[in-house]
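K.L.:
In our numbering, the protein residues as written are 32 to 255.
1) With DSSP as the reference, label residue 232 as helix, strand or coil.
2) Can you list, in chain order, the residues of its chain with a C-beta nearer than 6 Å to that of residue 171? Leave out the 5 residues immediately preceding and following it.
3) Under three-state DSSP, which class holds residue 33?
4) Restricting to runs no shorter than 4 residues, where is the alpha helix (DSSP H) found entirely within the region 99-138?
5) Run through DSSP, which three-state label would residue 46 get?
6) Kindly list the residues whose CB is nearer than 8 Å to the CB of residue 92, restricted to its own chain and excluding five residues on each side of it in sequence; keep chain order.
7) At which residues does the beta strand (DSSP E) containing residue 88 begin and terminate?
8) Could you pull out every residue in the same chain whose Cβ sits closer than 6 Å to the Cβ of residue 136, ignoring the five residues on either side in sequence?
9) Quick check: what's the CA-CA separation for residue 183 versus residue 139?
10) Is residue 80 helix, strand or coil when you go by DSSP?
11) If residue 153 sits next to residue 46, beta carbons under 8 Å apart, how far is it from one beta carbon to the other, in whole angstroms?
12) Considering only the alpha carbon of each residue, which of 54, 80, 108 and 99 lies closest to residue 168?
13) I need the DSSP call for residue 51, collapsed to helix, strand or coil.
14) Among residues of its own chain, excluding the 5 on either side of residue 120, which ones have a beta-carbon nearer than 8 Å to its beta-carbon?
15) Give me the Cβ distance between residue 49 and residue 81, rounded to the nearest whole Å; I'm assuming they're in contact under 8 Å.
16) How far does the alpha helix (DSSP H) with residue 166 in it reach, from first residue to last?
17) Report the option in 173, 116, 174 and 151 whose CA atom is closest to the CA atom of residue 76.
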């Protein structure tokens, strides 16, 4: 297997399954009139689940926790594959692969924490199962990050690297990006409606709220 193919395989397992939402309150004031038409209401403040096969759906009362339980096994397979390739690849090849993987994993750790922490601020009427699914996703990514660090990091040079969120939107989150692009076709007309007020949110480490919000907005609507 080519190195690029291996990376794509590892990367895809990070985003399947994946649970997220797009809060309407993150829309910047100058864009409120563009995105407040009633026909777009369904696309905001709703939970979306991408399952382990890559299919997405709006999550209402359906079960979701079991789907997220499969994530640990999937990420464990990634770890086993990385351990195997550590012995098989040249040092510079493996370090490059690990660096790219950690870039995605670090992103997933902080975005999933943000989604879980801010769920009650943005989405109302969630079932306990949905809340627990967000928490499980966050915990699973955090635990996987610790496992990768303990088993594979021989230096500190990969740690605490800054994350370019907008760069991820362009090319680096294919499953989430492709899913969200199907929500609103680019040629649909946007019509004005009333302004939505921002809600206060808790802070999270490393990535600031504004960076995560920029990621969500630019991924869906190509808003700068």
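Note that the Cβ used here is the ideal one computed from N, Cα and C, for glycine as well. Note that the structure is predicted; figures quoted are calculated from it, not measured.
P.N.:
So, from the data block:
1) Confidence at residue 232 is low in this model, with a pLDDT of 41, below 50, so its placement is unreliable and the value that follows should be read with caution. Looking at residue 232 - three-state DSSP - the assignment turns out to be coil, as it is neither helix nor strand.
2) 102 and 103
3) coil
4) none
5) coil
6) 158
7) 87-90
8) 176
9) 18 Å
10) strand
11) About 21 Å separates the two Cβ atoms, so there is no contact after all.
12) 99
13) strand
14) 34 and 128
15) 5 Å
16) 159-183
17) 151
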